[in-house]
Amino acid sequence: MNKLQTDFTIPDAESVDFKKVLGKLWANKWVILICAVIGIACAWTINLYTTPTYLVSSSIIAKGEKEGVITEILQERDEKDVTSLFSSQNRNISDEIAVIRSKPLLEKILQRPEFRVSYYVKGSVRNEEIYKDSPFVVDVSLCQTVPSALYYLTFKNQGFQVGTDEKTIGQSTVHTWGDTVKLSDECSCVISRKISAQQSAVENDLSQLYLFRLHSIKSLVNSYANNLNIPEPKNSYVIKMSINSTHPNRDMDFLDLLMEEYIAEKIERKNQSALKTIEFIDAQLGQITQSLLKVEDRLERFKRGNKLASGYMSTTSFFDKVSELEREKTKILLTGNYIDYIEKYMQESEEYDKILAPTAADVDDKVLSPLITELIQLQLEKNTYFRNGKERNPILNELNTRIANVKKSLQEAVVSARATNALALKNIEAQIKAAEASSGVLPEREREFTGINRLYTVNENVYVMLLQKRLEADLMRAAATVDSRIVESASLERQVGPSKVRNYALGLLGGLMLPIGLIFLFELFRGTIENTDELARISSIPLLGSVAHIKNKEGKSTIILDRPKSALAESFRALRSNLNFILGNEQEGSKVIMVTSSIAGEGKSFCSVNISLVLALSGKKVVYIIADMRKPKLSMDLVAGEIDAGQGLSTYLSQLTDLDKIIVPSVVQILDIIPAGPVPPNPSELLMSKQVETLINELKKRYDYIVIDTPPIGLVSDPINLVRYSDANLYVVRCKYTPAEKIKSINQMYADGQVDKLTFVFNDVKNKAKGYGYYED
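When we follow this note's numbering, the leftmost residue of the sequence shown carries the number 60, and every step to the right adds one.
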């Protein structure tokens, strides 16, 4: 190990060379600048061609309404149970949001013509939508299936032309306003001229090209359902709804109509309870009216036959007792009618949320009421999922099971209630008979009059009671109101897209980061040595010198002979000077120089030839040995005369020929060549033989310098066998070609002492700096 290896350490090759990175960025500054300008231009284009998007919002108070008597039962709460109150409020708000977002409600609004067709004016940059200002109207009511194509329309004389292609629309049929135009096999539309005050503001030019697009109800509903944003409020009944809209006027109308239809639907749902009550009371009134008319006629005939005054009265106590019993009997009969109603309703309908509540029929049953309440509540919860378009929600299976269980319990309760009601009726009839039997002590006419008058009074009281109930139901229906009301009509809040500042910032950032990122990626995956600074960063092995790049289209290896004033020739002269410094005193005898590299193609043979030439040009006797017997390479422009292909280093080391027979003269008088000779089967063994030492010793007697061109040390071990004979070992590294990983290998070999007296030669350096023109190009 020589003095160059004394303090050698392997550098950390993984560290980032920020100076090199900055240098790369600076070298590509114009590319980065151009990319930044392109990024800003792209942002400008996006801002120009993107249709602006606006946030449109409105707000409404949406409480869960009490639907008559039914919901009064459902929403009875303990006022002291605060948790129950908040839970009820959250559930009600969630239900109301589901109703607002429900597809049936959206479909009811979007059926309107202004939503079914979108109209546009052809623009130079983008098409502009004209909501309600179109000079024509397309009626899609005749379409069975609405096509999704975009149609063009232009005015022609007193009519119009329609087509799907802007270029060929002039060749289409001219239609008269009001004609039915067939747009597809399943869609024919009536297109009419619209005369309005706004027409003159839009139709500035009859040559203007218009466009319209038809929308199916399904696609409209899905689009608005997905775009409608309704966050659930906390501890409040105020619901704020918003839409990101490309046409704010249209969507402000949509939100206003949505709130109005929602309130109207709530009022309609609230009236359903009153209507059910009225229907039930009307049925009972029909029966009581017939009974009352019969009793009135009987009473009138009795009075005329017995010549009784209209003010005739029976015994008060007996009459009052029997009248009370008759009222109780009537109430029992009404309960029986309600039980029959429940049984029939459950057989004929599954809309359990519309069942008439017991209190609406003046029926008080402690068993039926809770079951009907639970059944209605489960049905309302099930309807919520259907309104929200969640028909496949697995929770529905659980709800259906619970509804079936409650229905079964209710059917059993109806049977039990009928039996109980029949027993009560039998008991009250027995009491009435007992009272009538006790009236035998009264005179016959008074007893008969008392019975007739009693029936009349009971029927009259029931009739008055039913009339009063019906009046109450009518009043509830006429005065039906809901707690929901519009807080803020739809309005335009702000523009949400495109964000011009953000787009410009992203365009600039993208324009800068794209080339910078590509440069970083290129540097990350490149893996080759680019300059001497990078070589010094990953290895402490000294650098002997650099070899300049030169254009060599002819492929000559003796280029320094042809162009002695070139930068290449001067770089080899610098190498010669540095070699003399390393090799020391010339009086010490002949010097052996070994030249190797990592892989093929790095210019090892080229450097070996030119080092030999530059040494010979200094007046020294030089022999150039091609020791790469695996893949020998010899440039014929170096040889003076002919070469015997059967003679060379391999034959000498195999002791098949003499030394003088393998030496070939070159174009320089004091430079000789020993070619590799025939490719042997065992080149490594030949280089390990004692014949090599004999050869070197003999050549030292004849020459001042022995330059040995060896195989790449990174591929084979042949150069290791020659290291012990060399006085200087040159390791050729080619700019932008030699892998950095190979430098790690030679570092380890140098540190382990396998190769000593090692220096780098950095080959093929392109010097872009402009000098004084001292050297030839």
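Cβ coordinates follow ideal geometry from the N, Cα and C atoms, glycine included.
- The three-state reading of DSSP puts E552 in strand, counting E and B together.
- Secondary structure at P623: coil, using DSSP grouped into helix, strand and coil.
- D310 counts as buried, since no fewer than 16 other beta carbons sit within 10 angstroms of its beta carbon.
- Put simply, the region 734-743 does not touch the region 624-638. Fewer than three CB pairs are less than 8 angstroms apart.
- With 16 or more other Cβ atoms inside 10 Å of its own Cβ, F313 counts as buried.
- Exposure of G705 is indicated by the presence of fewer than 16 other C-beta atoms within 10 angstroms of its C-beta.
- Between D198 and E440, the C-beta spacing is not below 9 angstroms.
- The continuous alpha helix (DSSP H) containing R761 extends over residues 749-761.
- When secondary structure is reduced to three states using DSSP, E629 falls in the helix class.
- In this structure A95 is buried. Its beta-carbon is surrounded by 16 or more other beta-carbon atoms within 10 angstroms.
- Counting along the chain, no beta strand (DSSP E) covers N216, and no H or E run does either.
- The beta-bridge partner set that DSSP reports for N669 is empty.
- The continuous stretches of alpha helix (DSSP H) do not include K299, which lies in the beta strand (DSSP E) extending over residues 297-304.
- Taking one beta carbon from each stretch, the region 349-363 and the region 205-217 have fewer than 3 pairs nearer than 8 angstroms; the two do not touch.
- In the three-state scheme derived from DSSP, where H, G and I count as helix and E and B as strand, E744 is classed as helix.
- By the Cβ criterion, the region 633-640 is not in contact with the region 770-784, since fewer than three pairs of Cβ atoms, one from each stretch, lie closer than 8 angstroms.
- DSSP lists S243 as the bridge partner or partners of C246.
- With fewer than 16 other CB atoms across the displayed protein chains lying within 10 angstroms of its CB, G700 is exposed.
- For the pair of segments examined, the region 485-495 was found not to touch the region 323-330: the number of CB pairs separated by less than 8 angstroms stays below three.
- Ranked by Cα distance from F821, the options N480, S475, D592 are led by D592.
- Boundaries cannot be given for V775, as no alpha helix (DSSP H) includes it and DSSP labels it neither H nor E.
- Between S295 and the set I721, I156, K466, L817, the nearest pair of CA atoms involves I156.
- Rounded to whole angstroms, the separation of the alpha carbons of N456 and T305 is 40 angstroms.
- The way I'd put it, the region 762-769 does touch the region 651-658; three or more beta-carbon pairs between them come closer than 8 angstroms.
- When the five nearest sequence neighbours on each side are left out, the beta carbons in the same chain lying within less than 8 angstroms of the beta carbon of I779 are those of I772, Q813, V814, in order along the chain.
- Cα atoms of S251 and V240: separation of roughly 11 angstroms, rounded to the nearest angstrom.
- Nearest to A799 by C-alpha distance, out of I588, K299, Q714, is I588.
- Nearest neighbour of E552 by Cα position, chosen from N308, K167, Y178, I97, turns out to be N308.
- Closest in alpha carbon position to I189, among Y179, F195, V196, is Y179.
- In this structure the region 343-356 does not touch the region 556-570; the number of beta carbon pairs closer than 8 angstroms is below three.
- With a 10 Å radius around the Cβ and a threshold of 16 neighbouring Cβ atoms, E409 comes out exposed.
- Checking the DSSP bridge columns, you'll see M653 partnered with I767, N788.
- Short of 7 angstroms from the beta carbon of A532, and not among the five residues preceding or following it, lie these beta carbons of its own chain, in chain order: A333, T336, I337, I340.
- For S709 and S598, the gap between their C-alpha atoms comes out near 35 angstroms.
- Non-local beta-carbon contacts of D687 in its own chain, meaning distances under 7 angstroms to residues more than five positions away in sequence, involve A735, D768, T769, P770 in chain order.
- The beta-carbon distance between M300 and S117, rounded to whole angstroms, is 6 angstroms. This is short enough to meet the 8 angstroms contact definition.
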